[in-house]
Amino acid sequence: MSRDALVSPGHLVVSQESVAGLADGRRITRWTFGSRENVTVEVLSLGARLQAVHAPDRGGRRANVVLGCDGVESMLGAASWFGATVGRYANRIARGVLPLDGLIHRLATQEDGHTLHGGPDGFATRLWDGVPVRADRRVGVRFRTRSDARDQGFPGNLTAEVTYLLDAGGELSITYRATTDAPTVVNLTNHAYFDLAGEGSGAVLDHLLRVEAARYLPVDEELIPLGPAEPVAGTPFDLRRARRIGTCLAEEHGQTHRAGRGFDHTWVLDGTGYRRAAVLSHPASGRSVECMTTEPGLQVYTGNHFDGTLTGRSGRPYAAYAGIALETQHFPDSPNRPDYPSTVLRPGEQYRSRTVFRFSAE
366 MSRDALVSPG HLVVSQESVA GLADGRRITR WTFGSRENVT VEVLSLGARL
416 QAVHAPDRGG RRANVVLGCD GVESMLGAAS WFGATVGRYA NRIARGVLPL
466 DGLIHRLATQ EDGHTLHGGP DGFATRLWDG VPVRADRRVG VRFRTRSDAR
516 DQGFPGNLTA EVTYLLDAGG ELSITYRATT DAPTVVNLTN HAYFDLAGEG
566 SGAVLDHLLR VEAARYLPVD EELIPLGPAE PVAGTPFDLR RARRIGTCLA
616 EEHGQTHRAG RGFDHTWVLD GTGYRRAAVL SHPASGRSVE CMTTEPGLQV
666 YTGNHFDGTL TGRSGRPYAA YAGIALETQH FPDSPNRPDY PSTVLRPGEQ
716 YRSRTVFRFS AE
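Quick note: the sequence shown uses the working numbering, first residue 366, plus one each step.
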């Protein structure tokens, strides 16, 4: 096992090692970076994946707060989205139908007949090229991949890049960029599941969640948005003040039953530009993570369908509500919804998106 290290000012270190191989002989690389006194992050070249975040609690005890699996078979299968960079299009495109400039493109679909997270062979299962980087007293890794025209049915050759950078204070920045040579759609996000009590600790129903949004997108039985956003007021989706997740899901509401008794919905974030989207906290440990983003929406998924068949790095199975995903992104099915913010990218333009997770304890 080879390991190389890059030391940056502020006692931040980046190391890399080869951890596993694919069937075709290519190797998967893990980069570990951060501060031994505070937050340390692990990312993998497979899926440009956030595999672990080791963060201290109020007593200084560190634990991994991100769900993940070690086995390649799991990461290419049932756990393919865990921590991964998903695309070309995060979330759902109904029936795999992509209308663009008067043409209809037929996309690859999953078993339910819709295109989810870029299709059955999306970015999460790709081996990305990665290099260590440092900038402004931060260290991390920059990943790149190329998606050829007609990949999963999408038009245009696309070059995508995602950069993870961590500072000594525990702020993890994830920046996305993409370019194309023909009109296409792009919607990238990170699909990490958080458990601030520590990976494999159990259900996150005791976590508190605040989302900066006065509206959300109701969905049909197949989790496709019904249309215009609706007010969160008077519903379990009203998270404008921090609320216990278990309390919200215990309320009777037809929408929370669409996703197996839980959240799998997009909140329409207040404001524009770079701003706070959400705060997730765990009172018992004191850990919290603040989410900032440039994106218009936040998809919250409470792991409703975890059934214990996947075992995490802790050696414990993931049952329902074992983690919560905070996916900053554009809205589901935007290509078929002219009233939603556009996700079209054209030649000569650059797709840019930034999300920051600030880890702290008190």
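For each residue, glycine too, the CB sits at the ideal point set by N, CA and C.
Note that this is a predicted model, so its numbers are computed, not measured.
(message) With the cut-off set at 8 angstroms, would you say leucine 588 and aspartate 629 are in Cβ contact?
(response) The residue given as residue 588 occupies position 223 in the sequence shown. The residue given as residue 629 occupies position 264 in the sequence shown. Contact flag set, yes.
(request) Using the Cα positions of arginine 502 and glutamate 586, report the straight-line distance between them to the nearest angstrom. (result) On the sequence shown, residue 502 is found 137 positions in, with the first residue counted as 1. On the sequence shown, residue 586 is found 221 positions in, with the first residue counted as 1. If you take the alpha carbons of arginine 502 and glutamate 586, they lie about 47 angstroms apart.
(message) If I follow the unbroken alpha helix (DSSP H) through alanine 420, where does it start and stop?
(response) What you label residue 420 is simply residue 55 of the sequence shown in a count that begins at 1. Careful: alanine 420 lies outside any alpha helix (DSSP H), inside the beta strand (DSSP E) at 414-421.
(request) Could you have a look at glutamate 768 and say whether DSSP puts it in helix, strand or coil? (result) Lying outside 366 to 727, the shown extent of the chain, residue 768 is not represented and no answer is given.
(request) Using DSSP bridges, identify the partner residues of asparagine 552. (result) The residue you call residue 552 lines up with position 187 of the sequence shown. Bridge partners of asparagine 552: Tyr454.
(message) Looking at the strands, I want to know which residues DSSP matches up with histidine 618.
(response) Numbered from 1 along the sequence shown, position 253 holds the residue referred to as residue 618. Note: histidine 618 sits in no beta bridge, so no partner.
(request) Go ahead and pull the three-state DSSP assignment for aspartate 369. (result) The residue labelled residue 369 in the question sits at position 4 within the sequence shown. Model confidence at aspartate 369 stands at a pLDDT of 49, short of 50, so the residue's coordinates are unreliable and nothing is read from them.
(request) Identify whether aspartate 494 lies in helix, strand or coil by the three-state DSSP scheme. (result) Locating residue 494 in the sequence shown gives position 129, counting from the first residue. The answer is strand: DSSP assigns aspartate 494 an E or B state.
(request) Determine, using beta carbons only, whether leucine 634 and alanine 568 come nearer to each other than 8 angstroms. (result) For the purposes of this step, residue 634 is taken as the residue at position 269 of the sequence shown. For the purposes of this step, residue 568 is taken as the residue at position 203 of the sequence shown. No. Outside cutoff.
(message) I'd like to confirm the pairing. Which residues does DSSP put opposite histidine 630 in its beta bridges?
(response) For this step, residue 630 is matched to residue 265 along the sequence shown. Partner(s): Val665.
(message) Contact defined as beta carbons within less than 8 angstroms: I believe alanine 543 pairs with tyrosine 716. What is the distance between those atoms, to the nearest angstrom?
(response) Position 178 of the sequence shown, counted from the start, is the residue given in the question as residue 543. Position 351 of the sequence shown, counted from the start, is the residue given in the question as residue 716. Confirmed, Cβ separation roughly 4 angstroms.
(request) Give the secondary structure of proline 374 by DSSP, where H, G and I count as helix, E and B as strand, and everything else as coil. (result) Looking up residue 374 in the sequence shown gives position 9. A caution first: proline 374 carries a pLDDT of 45, below 50, which makes its placement in the model unreliable, though a value can still be read off. The answer is coil: DSSP assigns proline 374 none of H, G, I, E or B.
(message) Measuring straight from C-alpha to C-alpha, what distance separates glutamate 536 and alanine 649?
(response) The count along the sequence shown starts at 1 and reaches residue 536 at position 171. The count along the sequence shown starts at 1 and reaches residue 649 at position 284. Straight-line Cα distance between these residues: approximately 22 angstroms.
(message) Is the beta carbon of threonine 545 closer than 8 angstroms to that of proline 706?
(response) Along the sequence shown, one-based indexing puts residue 706 at 341. Along the sequence shown, one-based indexing puts residue 545 at 180. Going by C-beta atoms, proline 706 is not nearer than 8 angstroms to threonine 545.
(message) In the DSSP assignment, the beta strand (DSSP E) including serine 512 goes from what residue to what residue?
(response) Here residue 512 refers to the residue found at position 147 of the sequence shown. First-last of the beta strand (DSSP E) with serine 512: 503-512.
(request) In the DSSP assignment, find the unbroken beta strand (DSSP E) run with serine 445 in it and report its ends. (result) By 1-based counting over the sequence shown, the position of residue 445 is 80. Premise fails: serine 445 is in no beta strand (DSSP E) and is neither H nor E.
(message) Does the CB of valine 551 have a neighbour CB from chain D at under 8 angstroms?
(response) Absent from the structure: chain D. Only one protein chain is present.
(message) Please state whether the Cβ-Cβ distance between leucine 614 and proline 601 is less than 8 angstroms.
(response) For the purposes of this step, residue 614 is taken as residue 249 along the sequence shown, with counting starting at 1. For the purposes of this step, residue 601 is taken as residue 236 along the sequence shown, with counting starting at 1. Between leucine 614 and proline 601, the gap from beta carbon to beta carbon is short of 8 angstroms.
(message) Can you give me the C-alpha to C-alpha distance between alanine 444 and aspartate 704, rounded to a whole angstrom?
(response) Along the sequence shown, one-based indexing puts residue 444 at 79. Along the sequence shown, one-based indexing puts residue 704 at 339. Cα to Cα, alanine 444 sits roughly 33 angstroms from aspartate 704.
(request) Identify the continuous alpha helix (DSSP H) that holds glutamate 438 and give its terminal residues. (result) To locate residue 438, count along the sequence shown from 1; it is residue 73. Judged by DSSP secondary structure, glutamate 438 falls within the alpha helix (DSSP H) whose first and last residues are 437-440.
(request) Taking glutamine 694 as part of the beta strand (DSSP E), name the residues at either end of that continuous run. (result) Here residue 694 corresponds to residue number 329 of the sequence shown, with the count starting at 1. Here the beta strand (DSSP E) through glutamine 694 covers 689-694.
(request) Please go through the same chain and pick out, in chain order, the residues whose beta-carbon is closer than 7 angstroms to the beta-carbon of arginine 460, but skip the five residues on each side of it. (result) Position 95 of the sequence shown holds residue 460. Result list for arginine 460: Gly478, His479, in chain order.
(request) Go to glycine 399, then tell me how far its beta strand (DSSP E) extends in each direction, as first and last residue. (result) Indexing the sequence shown from 1 puts residue 399 at position 34. 392-399 is the span of the beta strand (DSSP E), which, as asked, contains glycine 399.
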